[in-house]
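As given, the protein sequences belong to chains A and B, one line each in that order.
Each residue of the first sequence is one higher than the last, beginning at 61 in our numbering.
Each residue of the second sequence is one higher than the last, beginning at 2 in our numbering.
The beta carbon of each residue, even a glycine, is placed where N, CA and C say it ideally should be.
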Amino acid sequence: MNKIIAVHSYKGGTGKTLISVNLAATLAKHGKKVCLFDLDFRAPSLFAILKVENTECWLNDYLNGVCDINEVLLDLTNKISGSGKFFVGLANPSTEAIRDMSAKDRKWEMRALGRLLSLRETLLNSKEFDYLVFDTSPGLQYSSINAIVTADFVVVATTGDRSDVNGTRRMLRELYNLFEKKTGLVINKVLESTSKSKKDEMDQKIQSVYQVPMLGLVPCFCEVLRAEGNLIFAQDKPNHPFTRIMDDMARRIENNDIF
Amino acid sequence: MRQCSTVYVKNTWGKPVTKEQLLSKKPLLILEKIKENLEKLNEKMEVIIELQKHDRKETQILPDASLDVMTLLSMPDHLRKTAMTICRCGRATAEEISQQTNRARAVESAYLNQLVIMGYLKKERKGRKAYFYADRDSQG
Chain A
61 MNKIIAVHSY KGGTGKTLIS VNLAATLAKH GKKVCLFDLD FRAPSLFAIL
111 KVENTECWLN DYLNGVCDIN EVLLDLTNKI SGSGKFFVGL ANPSTEAIRD
161 MSAKDRKWEM RALGRLLSLR ETLLNSKEFD YLVFDTSPGL QYSSINAIVT
211 ADFVVVATTG DRSDVNGTRR MLRELYNLFE KKTGLVINKV LESTSKSKKD
261 EMDQKIQSVY QVPMLGLVPC FCEVLRAEGN LIFAQDKPNH PFTRIMDDMA
311 RRIENNDIF
Chain B
2 MRQCSTVYVK NTWGKPVTKE QLLSKKPLLI LEKIKENLEK LNEKMEVIIE
52 LQKHDRKETQ ILPDASLDVM TLLSMPDHLR KTAMTICRCG RATAEEISQQ
102 TNRARAVESA YLNQLVIMGY LKKERKGRKA YFYADRDSQG
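Here you go:
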């Protein structure tokens with residue numbers, strides 16, 4: 061069943077964009093028709109990671125009601141191996157656009173929510189996309205909550221940092237639960253040993269702290285840091301452990317294991 | 002026996018309807034009108050009952066109400082569920098909303114009308130059906 065997935069976190073720097081890009085690329089590698097959207101309008105980054113120089117229409121323009129969603133989508137299938145399709149919708153990185161997006165009022169945000177919700181009909185139903193993946197801004201902001209309300213499933217990225225743990229727990233209670241959203245937790249930058257017993261112990265601990273299903277545990281890989289955002293790991297390093305973790309996460313989503 | 006001009010009911014424009022009119026002019030249509038008015042009355046009663054059940058403070062009417070996500074977050078749970086469903090559907094009847102929320106039609110009708118009173122939704126009648134929607138386009 062086709063779905064909208066929002067990748068969100070309480071704090072910045074938890075690896076939302078890394079997870080979004082690699083999850084979307086992995087789903088496409090698995091033969092799915094996927095579109096990745098940059099909904100982090102305050103700090104757009106997908107254009108840089110995916111090395112897109114310019115585009116006629118940005119996602120900002122679609123939300124402003126000045127263009128159609130088909131004019132926003134860029135076909136980057138050539139960046140991905142496998143039989144799937146990989147599209148992106150980018151946020152405008154110019155300072156002017158960032159300033160404009162952060163000054164929107166409630167009524168604009170209400171219309172933006174309507175436009176995001178209509179993607180279900182225009183992309184999932186009519187254009188037969190299998191998955192839409194939303195990369196969001198951290199914390200409680202209009203653009204990220206709009207994305208969460210639109211999504212069927214929220215991937216919650218977090219780290220072991222104390223403030224992150226507390227904030228994530230609060231968001232699970234006071235945001236995702238209130239909107240009755242299904243969530244899967246991804247703990248990123250894990251330092252502990254990856255031995256089976258340690259992992260099981262950690263899984264139990266996480267389950268007792270957060271009380272939501274775990275989607276994945278991502279160790280802190282130096283290679284990911286060294287790549288400096290120049291690689292789509294899931295595509296460029298097919299045998300790397302990070303890629304295998306992404307494969308597992310994507311399979312669980314495809315098989316509805318997490319829902 | 003009294004003849005002719007006895008007034009039995011008033012029509013929707015408040016004019017008296019005579020026995021002749023009742024017999025000669027589509028009595029079924031008049032009954033339909035009465036039923037329609039009773040349904041409207043019933044909806045209003047449901048709203049009053051729901052308002053009594055929940056805290057009245059939550060039904061403050063805001064002059065500049067918009068159904069954005071922060072508003073959804075601050076709503077009581079029972080209204081949020083209805084409001085979220087109407088956001089997803091765009092435009093729907095109480096019956097259609099109740100099919101998605103698995104609550105009774107009358108309950109959804111009451112919540113939808115409450116959201117209309119609060120200024121978050123608009124209501125439009127088409128024949129015997131009442132459609133509810135968040136008016137995104139005419140604002141701002």
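{"query": "Nonlocal neighbours in the same chain, by C-beta distance under 7 Å from residue 318/A, ignoring five residues either side", "result": "244, 273, 275, 312"}
{"query": "Length-filtered (3 minimum) beta strand (DSSP E) runs lying within the segment 225 to 272 of chain A", "result": "242 to 250"}
{"query": "Residues that DSSP places opposite residue 132/B in a beta bridge", "result": "125/B"}
{"query": "Per DSSP, the bridge partner or partners of residue 196/A", "result": "99/A"}
{"query": "Whole-Å CB distance - residue 192/A paired with residue 173/A, under 8 Å assumed", "result": "Rounded, the Cβ-Cβ distance is 15 Å, inconsistent with contact."}
{"query": "Segments assigned alpha helix (DSSP H), at least 4 residues, entirely inside the segment 63 to 92 of chain A", "result": "76 to 89"}
{"query": "Beta-carbon contacts of residue 121/B that lie in its chain and below 6 Å, excluding the five residues immediately before and after", "result": "66, 68"}
{"query": "Cβ shell of residue 306/A (< 7 Å), same chain only, five flanking positions each side left out", "result": "82, 83, 86, 294"}
{"query": "Where residue 126/A falls, given that 16 or more other Cβ within 10 Å makes a residue buried", "result": "exposed"}
{"query": "DSSP state of residue 7/A mapped onto helix, strand, coil", "result": "Coverage of chain A is limited to positions 61 through 319, which leaves residue 7/A absent and any answer about it impossible."}
{"query": "Neighbouring residues, chain B, relative to residue 209/A (Cβ below 8 Å)", "result": "70, 73, 85, 88"}
{"query": "CA nearest to the CA of residue 130/B, picked from 40/B, 35/B, 77/B", "result": "40/B"}
{"query": "Beta strand (DSSP E) segment containing residue 274/A, residue limits", "result": "274 to 279"}
{"query": "Alpha-carbon spacing of residue 183/A relative to residue 251/A, whole angstroms", "result": "39 Å"}
{"query": "Residues from the segment 108 to 137 of chain B in contact with chain A, defined by Cβ distance under 9 Å", "result": "135, 137"}
{"query": "Amino acids of chain A, ordered along the chain, whose beta-carbon sits closer than 8 Å to that of residue 92/B", "result": "The contacting residues do not exist; residue 92/B stays about 11 Å from chain A at best."}
{"query": "Identity of the residues DSSP links to residue 92/B by a beta bridge", "result": "134/B"}
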